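Heads up: the sequence shown begins at 1 in full-length UniProt numbering, then just goes up one per residue.
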Amino acid sequence: MSNYEMEDSPAPESKGEDSKKISFRFCRECSNMLYPKEDRLTNQLMFACRTCQFSEPAMASCIWRNSLKEDVQETAGNVDDVAQDPTVGNSNDSSDYDEIMEDSTELEDIEGEDVVPGLCTLCGQEILCPVCEKPTDGGTALEVDDPDKDANEAGDGAVEQEKRERESA
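Set out below in structure tokens:
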């Protein structure tokens, strides 16, 4: 199949500490997970693959366990790989955020308004209106005169005229 040597599915659970764990079993042909299934002819528990026709008899009768009180010891305190995780925020990001928020509160105090300035998501600088150079209104559109207002009104009048013509015909 490949350069990797595929080992058989894990051995059935042994007594002691390992008996609490339920191991996953994998198909020898396609490496997909094996699911418990009953062989109705022999009335025997089997593990079968859902993608191919492979199946093997189950050595253990426990296929599912609902553990309501479980000690989490395997992963407690293991944070070695968190520093390399790209989804975890950088400690420097929080200081930049604090500076930006301080600047925005000073702006609110000066103007006396509850305007949250729009900030650039790339550099964190405040985005100002290109016309009046005041802070944006928290993501709402800037009010400007519509240069095509007369053209839009003329178009609306033409639509109304056409509707009247169709109704009269």
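Every residue, glycine too, gets a C-beta built ideally from N, C-alpha and C.
Just so it is clear, the structure is predicted and the values come from calculations on it, not from any experiment.
Out of 125, 29, 158, 133, the CA that lies nearest to the CA of residue 49 is found in 29. Residue 34 sits away from residue 40, with the two beta carbons spaced by 7 Å or more. In this structure, the straight-line span from the alpha carbon of residue 38 to that of residue 45 is close to 5 Å. Secondary structure at residue 134: coil, using DSSP grouped into helix, strand and coil.
For residue 161, the secondary structure class from DSSP, reduced to helix, strand or coil, is helix. Ranked by how close their Cα comes to the Cα of residue 23, the residues 162, 51, 65 have 65 in first place.
Taking C-alpha positions only, residue 168 is separated from residue 129 by approximately 49 Å.
DSSP places residue 126 within a strand segment (E or B) once states are collapsed to three.
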